[in-house]
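Numbering (mature numbering (1 follows the signal peptide of the UniProt record, and there is no 0)), first residue to last: -34 to -1, 1 to 301.
Have a look at the structure below, then the notes.
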């Protein structure tokens, strides 16, 4: 009797284990099938930090269901130094990554592989073993704007992204606009101006409000409170910026004595939850000005940053270290 019960028990166990094993295989298989985008933690450097679709038809379907245009990258993987630099610069800058992933359907086509990649390469008449080329296409596979080829500068790619979004969306997110300012700050032509006022914390927020101003830095020259400004000369001239400042009781300053930065740069930001967040240089300027004006500073955050900010406020606790003034890309890539 005991042997019979033991046999029945063993049979039940075997059936149970077999069922559980089948369920696990089914679940794992489902996850493997569902995992259709690249993993940024172990993908080739030529793809940067963007998580990409690799199937053309799936990307078309995603575009159709979301209404987002497709950012279709033809890339050599493994590639030459141009392709590697493209991955390290254009496709790895934090806000650029967010803009590509959130405003587009990212699709990577290897231009030096066979199979489905080669089929798409031939469909769009792109040469194999080529430097990076980007097509912005709709859910039917048609180009929205002219393709981006023979230019690998981050600002050129950004301008094309903006052009594609303007043809398909009513409004461009504020953080995507900030990305353009950050790229000019990092890769473009900027000019510097110095102004003096009665309180540099107020002066910093007032000057930071101007759309042509990229960054502000409060400090001292001798006994004068001043703010150093980096601005985009393609958006505002020095004369226009001087006029804007003058109307707000801020004077131009030309003394050449040694400049000393104030320890409370972005004063209004520093006295808020934003001081515990990784922020780009331009974000720091715009968030600080928004707080001073009692406006909503979260509009300048990317979706990932907004999630971090909401979690920070929700937790009620405060991190031990301020992050806003530390190198943005280093902090972002370490998360």
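C-beta atoms are modelled at their ideal positions from N, C-alpha and C, and glycine is treated no differently.
**OP:** Determine, using beta carbons only, whether residue 107 comes closer than 8 Å to chain E.
**Re:** Note that chain E does not occur in the displayed structure, where there is just one protein chain.
Original post:
If residue 39 and residue 100 are in contact, beta carbons under 8 Å, what's the gap, nearest whole angstrom?
Top reply: 6 Å
**OP:** Could you spell out the range, first to last residue, of the beta strand (DSSP E) harbouring residue 194?
**Re:** 190 to 197
**OP:** Would you kindly report the start and end of the unbroken alpha helix (DSSP H) that includes residue 167?
**Re:** 166 to 174
Subject >> Cβ-based burial, residue 188 [other Cβ within 10 Å; buried from 16] >> reply: exposed
Subject >> First and last residue of the uninterrupted beta strand (DSSP E) at residue 38 >> reply: 36 to 41
Subject >> Short Cβ contact (8 Å threshold) for residue 344 with residue 4 >> reply: This structure cannot settle anything about residue 344, because the visible part of the chain is limited to -34 through 301.
**OP:** Work out the CA separation of residue 289 and residue 161 for me, nearest whole Å.
**Re:** 27 Å
Subject >> Limits of the unbroken beta strand (DSSP E) element including residue 126 >> reply: Looking at the DSSP string, residue 126 is not in any beta strand (DSSP E); the run it does join, the alpha helix (DSSP H), is 120 to 134.
Original post:
Thinking C-alpha only, which one of 279, 237, 235, 159 is nearest residue 225?
Top reply: 159
Subject >> Secondary structure of residue 102, DSSP reduced to three states >> reply: strand
Original post:
What first and last residue would you give for the alpha helix (DSSP H) that runs through residue 67?
Top reply: 60 to 69
Original post:
How should residue 46 be labelled, buried or exposed, when 16 other C-beta atoms within 10 angstroms of its C-beta is the threshold for buried?
Top reply: exposed
Original post:
According to DSSP, is residue 253 helix, strand or coil?
Top reply: helix
**OP:** Identify whether residue 223 lies in helix, strand or coil by the three-state DSSP scheme.
**Re:** coil
Original post:
Buried or exposed: where does residue 170 fall if 16 or more other Cβ atoms within 10 Å of its Cβ makes it buried?
Top reply: buried
Original post:
DSSP on residue 145, reduced to helix/strand/coil?
Top reply: helix
**OP:** Tell me the start and end of each unbroken alpha helix (DSSP H) in the segment 230 to 300 that is at least 4 residues and wholly inside, in chain order.
**Re:** 233 to 236, 247 to 258, 269 to 281, 294 to 300
Original post:
Would the segment 59 to 77 and the segment 10 to 20 be scored as touching if the rule is three or more Cβ pairs under 8 Å?
Top reply: yes
**OP:** Give the single residue among 261, 256, 282, 294 whose Cα lies nearest to the Cα of residue 271.
**Re:** 294
Subject >> Minimum C-alpha distance to residue 298 - residue among 167, 63, 124 >> reply: 63
Subject >> Residue interval of the alpha helix (DSSP H) (run including residue 32) >> reply: 22 to 32
**OP:** Determine, using beta carbons only, whether residue 240 and residue 248 come nearer to each other than 8 Å.
**Re:** no
**OP:** Decide if residue 182 is buried, meaning its Cβ has at least 16 other Cβ atoms within 10 Å, or exposed.
**Re:** buried
Subject >> Whole-angstrom distance between residue 219 and residue 237, CA atom to CA atom >> reply: 28 Å
**OP:** Could you please give the first and the last residue of the uninterrupted beta strand (DSSP E) stretch that includes residue 159?
**Re:** 157 to 162
Subject >> Where residue 83 falls: helix, strand or coil (DSSP) >> reply: helix
Original post:
In its own chain, which residues sit with a C-beta less than 7 Å from the C-beta of residue 113, not counting the 5 before and 5 after it?
Top reply: 99, 100, 101
Subject >> Length of the line joining the Cα atoms of residue 266 and residue 228 >> reply: 24 Å
**OP:** Taking residue 43 as the reference, give the member of 36, 35, 37, 53 with the closest Cα.
**Re:** 53
Original post:
Under a three-way DSSP split, which group does residue 57 fall into?
Top reply: coil
Original post:
Can you check whether the CB of residue 110 is closer than 8 Å to the CB of residue 103?
Top reply: yes
Original post:
Of the choices 123, 231, 198, 37, whose alpha-carbon is the least far from that of residue 168?
Top reply: 231
Subject >> Residues near residue 30 in its chain [Cβ-Cβ closer than 8 Å; skip 5 each side] >> reply: 105
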